[in-house]
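In order, the protein sequences belong to chains A and B.
Taking the numbering used here, the leading residue of the first sequence gets 196, the next gets one more, and so forth.
Taking the numbering used here, the leading residue of the second sequence gets 196, the next gets one more, and so forth.
Have a look at the structure below before the remarks.
There are 2 protein chains.
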Amino acid sequence: MASHQPLGAYELIDRLSVRGARPAPITVYRALDFLREQELVHRIESRNAFIACVHNHESSDPVVFLICEKCGAVGEAASAAVADTIKNASRAVGFVPKTPVIEISGICAHCKAA
Amino acid sequence: MASHQPLGAYELIDRLSVRGARPAPITVYRALDFLREQELVHRIESRNAFIACVHNHESSDPVVFLICEKCGAVGEAASAAVADTIKNASRAVGFVPKTPVIEISGICAHCKAA
DNA sequence: CTATTTTTGTTGCACCGCAACATATATGTT
DNA sequence: AACATATATGTTGCGGTGCAACAAAAATAG
Chain A
196 MASHQPLGAY
206 ELIDRLSVRG
216 ARPAPITVYR
226 ALDFLREQEL
236 VHRIESRNAF
246 IACVHNHESS
256 DPVVFLICEK
266 CGAVGEAASA
276 AVADTIKNAS
286 RAVGFVPKTP
296 VIEISGICAH
306 CKAA
Chain B
196 MASHQPLGAY
206 ELIDRLSVRG
216 ARPAPITVYR
226 ALDFLREQEL
236 VHRIESRNAF
246 IACVHNHESS
256 DPVVFLICEK
266 CGAVGEAASA
276 AVADTIKNAS
286 RAVGFVPKTP
296 VIEISGICAH
306 CKAA
């Protein structure tokens, strides 16, 4: 795929279909579950869509998704600083954080230039 | 409502129905759109659900949602520090941030005690 | 009082996500 | 080899999500 556009589950089904034979939704969801466990795919919660991960996810730093409102592309930015401030803010109210979802809408560098 | 549990759109329809008369989904969605513009209601993206905002949203600091995996309650924590680090991280890659979505799953203080 | 805009309601549908069950394939045991 | 058990894959079906497109009603204007 190699696109930076997140794909909805049913768009995926379209792309995976061969000569009119479409995989059942559940098949695609099971594949996505697997790939997400391996952190090869992320889910963009605010879009109900999925995107291949380009990162070496060596560090388990949470990933910040940068979603362009214009072209729809999704970039990733890992940031320990973001992770730290979030941990602090949540612990300050007695909350034990596990999996953060950080998705920022805005304009990507490419679209800003144009 | 005054609950700290986010409600799905169709749960809302259930609660708003009187003597079997249910508002149409679009009616509820339009109401929610309005309330979200006023920032009286937030959408929890990772849950496809909505929650009344308790805050005085005087500052337009982005809100961090703390979602308890156990009891489902959603707390809010405003943090300028989080906002700053996120702005920095995104600007570092030439991205102009607009509306951040920050949702953290974890265990709330109340459930941790139990 | 009619014309135009704005709001509200009706119908319908595409997408999302998975439960529950059925079938097949692999693995293990005697 | 023959059977039992476990794991993976496919089939059917359904309820929640979200909105487009159109219709009707209400407000505002001329």
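Cβ coordinates follow ideal geometry from the N, Cα and C atoms, glycine included.
Rounded straight-line distance, which links the Cα of residue j to that of residue i
i	j	result
A247 (chain B)	H199 (chain A)	34 Å
L227 (chain B)	V236 (chain B)	7 Å
F229 (chain A)	A284 (chain B)	29 Å
V291 (chain A)	R231 (chain B)	28 Å
G289 (chain B)	A309 (chain A)	13 Å
H250 (chain A)	V213 (chain B)	51 Å
R225 (chain B)	R286 (chain A)	36 Å
E298 (chain B)	Y205 (chain A)	25 Å
8 Å Cβ cut-off: residues of chain A touching residue i
i	result
L261 (chain B)	S285, V288, F290 and P292
K307 (chain B)	G289 and V291
G270 (chain B)	V288 and F290
Residue j beta carbon less than 7 Å from that of residue i
i	j	result
V223 (chain B)	L207 (chain B)	yes
S274 (chain A)	V259 (chain A)	yes
P220 (chain A)	L211 (chain A)	no
Three-state class that DSSP yields for residue i in the structure shown
i	result
R238 (chain A)	strand
C306 (chain B)	helix
K265 (chain B)	coil
H260 (chain B)	This sequence places Phe at residue 260 (chain B); His is not what is there. Three-state result, F260 (chain B): strand.
A226 (chain A)	helix
V277 (chain A)	helix
S212 (chain A)	coil
P218 (chain A)	coil
A284 (chain B)	helix
I246 (chain A)	strand
P295 (chain B)	strand
Cβ neighbours of residue i in the same chain (closer than 8 Å, five flanking residues each side left out)
i	result
C303 (chain A)	L261, C263, K265, C266, A268 and G270
K293 (chain B)	none
P295 (chain B)	P257, A278 and I281
C306 (chain A)	C263, K265 and C266
I239 (chain A)	P201, F245, I246, F260, I262, V269 and E298
D174 (chain B)	Absent from the structure is residue 174 (chain B), since the part of chain B shown begins at 196 and ends at 309.
Chain A contact residues for residue i, given Cβ-Cβ distances below 9 Å
i	result
C303 (chain B)	V288, G289, F290 and V291
Chain-ordered chain B contacts of residue i [CB-CB under 8 Å]
i	result
E240 (chain A)	E240, S241, V296 and E298
A276 (chain A)	T280, N283 and A284
E234 (chain A)	Under the 8 Å cutoff, chain B gives no residues; its nearest Cβ is about 16 Å from E234 (chain A).
E264 (chain A)	K293
Beta-carbon proximity list for residue i, same chain, < 6 Å, skipping 5 on both sides
i	result
G301 (chain A)	none
Within chain B, partners of residue i - CB distance below 9 Å
i	result
V258 (chain A)	Near V258 (chain A) there are no residues of chain B at all, since even the closest Cβ is about 11 Å away, more than 9 Å.
Own chain partners of residue i with C-beta closer than 7 Å, once the 5 adjacent residues on each side are dropped
i	result
A272 (chain B)	V259 and L261
N243 (chain B)	G203
A276 (chain A)	none
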